[in-house]
Every structure is written in structure tokens, then in C-alpha cells.
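Participant: Dropping the structure in here first, questions after.
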Amino acid sequence: MPCLSITRVRYLLSTFIPRVLSPGNRRETVLFGGPDSNRSSILDSMKSDMPTMSKEQPILISSPSSGVPAKSPAPQRLHTVRIWFPHNGTTIMEDIKSKDLDDVVLDAIALQELSAMHRSQDDHGNTMDAFPADLAVLEAGISRVWGKYGIPKFVPLSSDDPIILEQPRKDLESKEGLCFQRLHSKYLYEYGRRQSLAKVLGYEMPVDLKNWYEDALQDIGKRLEKLGYC
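The numbering used here applies: residue 1132 is where the sequence shown begins, and numbers increase by one.
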């Protein structure tokens, strides 16, 4: 093999090395991780197709099972439903559970001390003594409650409400005033009793039930104010 002179070697190096390692040479960029023009153009195209997110865009926490953003359940509004409860030896909530209404009735207040007994019929047509009771009912369950206990033939707290008419006063306004005072005291007592029980047992009273008691107390209070009671 013929020997190359130093001059010849220098010539070869100066001619071919710059071609291999020139900045635009594709071989250099691929082997050493440099900026390949084709790769850069592909990445730029991918970035342009990706949706952008504003810094102010809120982050939603999704539920692992459904992928839908998780939301805290909002309190449901409870309605007051008056019933005639048969005096059959069971508590109201026990009777409600036996009628499969405990999923829509959250609480009950017996009002027997505000009214005399009333004659009512059960599902089999049997007549028995009954007393008024107020139930805290979800809107979706009102018709079910009426289906089990019947619909009263009066509007609660109206001038034909038995618990108003049976108050020991002569005129209607005085009957209303005494009834509202006694009803307000009853609700306040039951509300305080349930709050104390929840505190003793170490659980939180449901927000929708709290709202039901507070709304009822506010409504009765406004009726008293309208009659001139402080």
C-alpha cells in the first residue's frame, strides 16, 4: 500500500471533513441529536394542531370511574307535608319506614299537643284516631306520601287548619297568634333536640334538614310579625 505524504493527508482532511460535519448535513443532525429540519417541521405541525389551554382555565377533578368532573351534591329543598297520622302505637318514623317512604321523608314532627284527635281511615278502610304531623319531604316524594296517608282537606296554617281552629281563643286572629307561637316553640324545640343529638353522637346534621327547620321557623316568625307579635 503506497504511503501518503503529509501534504496529501492534509488535503484530504481539509476537503472531506467539513462536508461530513457541516451544520446542514443530515447525517450529523440525526446521529448526534442536533436540530433536524424535517423533525422540527413535524413537531411544529403537531404543536399547531394541539389545543391550547389558557393559564386562567380552571382545573376540574374528574371521578375515576366516569371521567365526568366531580361536583359536591347540592342540598335538596325539603317541603313540609301535613298528614293525619294514625294513633297505632308506632312512632311516625317507624311507620314511614314500614311504608317504604324513608328515602323521601327525612324527618317528622308530631303535633298532637296542638290539636285534638281526628278520625281517619287507614289503607283498609278502618277508622281510627289520628293526630296532625308535619313531614320534611323531598319534592319527588310528595305524591307518594299523599298516596299512603291521604291528602288533608285543608291548607296548613290557613284559616281552616284544625290546629288553628282548635286553639282556646274566641276570634280567629287570636287563635292564629296562639297557634303560631306554640308551633314556633315546637319547631325550635325539635330543631335544638336534633342538633344536640347529632353533637352527642358525633355526626353532622344534614344541610337540607337544617335549612328545612330554619325556613319553617322563619316563615312562622313572619306570620307572627304580621299579627303584631314580637
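We treat Cβ as the ideally placed atom computed from N, Cα and C, and that holds for glycine.
If you're wondering where the values come from, they're calculated on a predicted model, not measured in any experiment.
By the 10 Å Cβ neighbour count, where 16 or more other Cβ atoms means buried, how is C1310 classified, buried or exposed?
Facilitator: As a working mapping, residue 1310 is identified with position 179 in the sequence shown. The residue is buried, with at least 16 neighbouring Cβ atoms inside 10 Å.
Participant: Find the nearest neighbour of I1227 within the set A1267, D1260, H1210, judged by alpha-carbon distance.
Facilitator: Residue 1227 sits at position 96 when you count from the first residue of the sequence shown. The shortest C-alpha separation from I1227 is found at A1267.
Participant: Report, in whole angstroms, the separation of the C-beta atoms of G1278 and H1315, which I expect to be a contact under 8 Å.
Facilitator: To locate residue 1278, count along the sequence shown from 1; it is residue 147. To locate residue 1315, count along the sequence shown from 1; it is residue 184. 30 Å between Cβ atoms; not a contact.
Participant: In three-state DSSP terms, what is L1355?
Facilitator: For the purposes of this step, residue 1355 is identified with residue 224 of the sequence shown, where counting begins at 1. Correct three-state label for L1355: helix.
Participant: So for R1324, helix, strand or coil by DSSP?
Facilitator: Locating residue 1324 in the sequence shown gives position 193, counting from the first residue. Correct three-state label for R1324: helix.
Participant: Which residues share a DSSP beta bridge with R1213?
Facilitator: Within the sequence shown, the letter at position 82 stands for residue 1213. For R1213, which the question treats as bridged, DSSP gives the partners D1265.
Participant: Consult DSSP for V1338 and reduce its assignment to one of helix, strand or coil.
Facilitator: If you number the sequence shown from 1, residue 1338 lands on position 207. Three-state DSSP puts V1338 in a helix.
Participant: Take the Cβ of L1245 as the centre, count every other Cβ of all protein chains shown within 10 Å, and call the residue buried at 16 or more, exposed below.
Facilitator: For the purposes of this step, residue 1245 is taken as residue 114 along the sequence shown, with counting starting at 1. That one is buried.
Participant: Thinking C-alpha only, which one of H1249, S1274, E1356 is nearest E1304?
Facilitator: Here residue 1304 corresponds to residue number 173 of the sequence shown, with the count starting at 1. Ranking H1249, S1274, E1356 by Cα distance to E1304 puts E1356 first.
Participant: Can you look up H1315 in the DSSP assignment and give me helix, strand or coil?
Facilitator: In the sequence shown, counting from the first residue as 1, residue 1315 sits at position 184. Residue state, collapsed to three classes: helix.
Participant: Just to confirm, is the Cβ distance from L1237 to D1339 under 9 Å?
Facilitator: Numbered from its first residue, the sequence shown carries residue 1237 at position 106. Numbered from its first residue, the sequence shown carries residue 1339 at position 208. Their beta carbons are under 9 Å apart, which means L1237 touches D1339 by this criterion.
Participant: Can you list, in chain order, the residues of its chain whose CB lies under 6 Å from that of K1341, leaving out five sequence neighbours each side?
Facilitator: One-based indexing of the sequence shown puts residue 1341 at position 210. Here the set comprises nothing.
Participant: If I measure Cβ to Cβ from Y1344 and keep anything under 7 Å in the same chain, skipping five residues before and after, which residues do I get?
Facilitator: Here residue 1344 refers to the residue found at position 213 of the sequence shown. Once the five neighbours on either side are set aside, the close Cβ partners of Y1344 are Y1318, Y1322.
Participant: Quick one: what's got a C-beta closer than 8 Å to G1333's C-beta in the same chain, skipping five residues either side?
Facilitator: Walking along the sequence shown from the start, residue 1333 turns up at place 202. So no residue of the chain qualifies.
Participant: Do you know offhand how far Q1312's Cα is from R1275's?
Facilitator: Position 181 of the sequence shown, counted from the start, is the residue given in the question as residue 1312. Position 144 of the sequence shown, counted from the start, is the residue given in the question as residue 1275. If you take the alpha carbons of Q1312 and R1275, they lie about 31 Å apart.
Participant: Beta-carbon within less than 7 Å of P1149's beta-carbon, same chain only, minus the 5 sequence neighbours each way: which residues are those?
Facilitator: Numbered from 1 along the sequence shown, position 18 holds the residue referred to as residue 1149. With a pLDDT of 44 at P1149, under the threshold of 50, the predicted position of this residue should be treated as unreliable, and no value is reported.
Participant: Can you give me the start and stop residues for the beta strand (DSSP E) that V1236 sits inside?
Facilitator: Walking along the sequence shown from the start, residue 1236 turns up at place 105. From DSSP, the beta strand (DSSP E) with V1236 extends over 1236 to 1241.
Participant: Can you check whether the CB of I1214 is closer than 9 Å to the CB of A1264?
Facilitator: The residue given as residue 1264 occupies position 133 in the sequence shown. The residue given as residue 1214 occupies position 83 in the sequence shown. Contact: yes.
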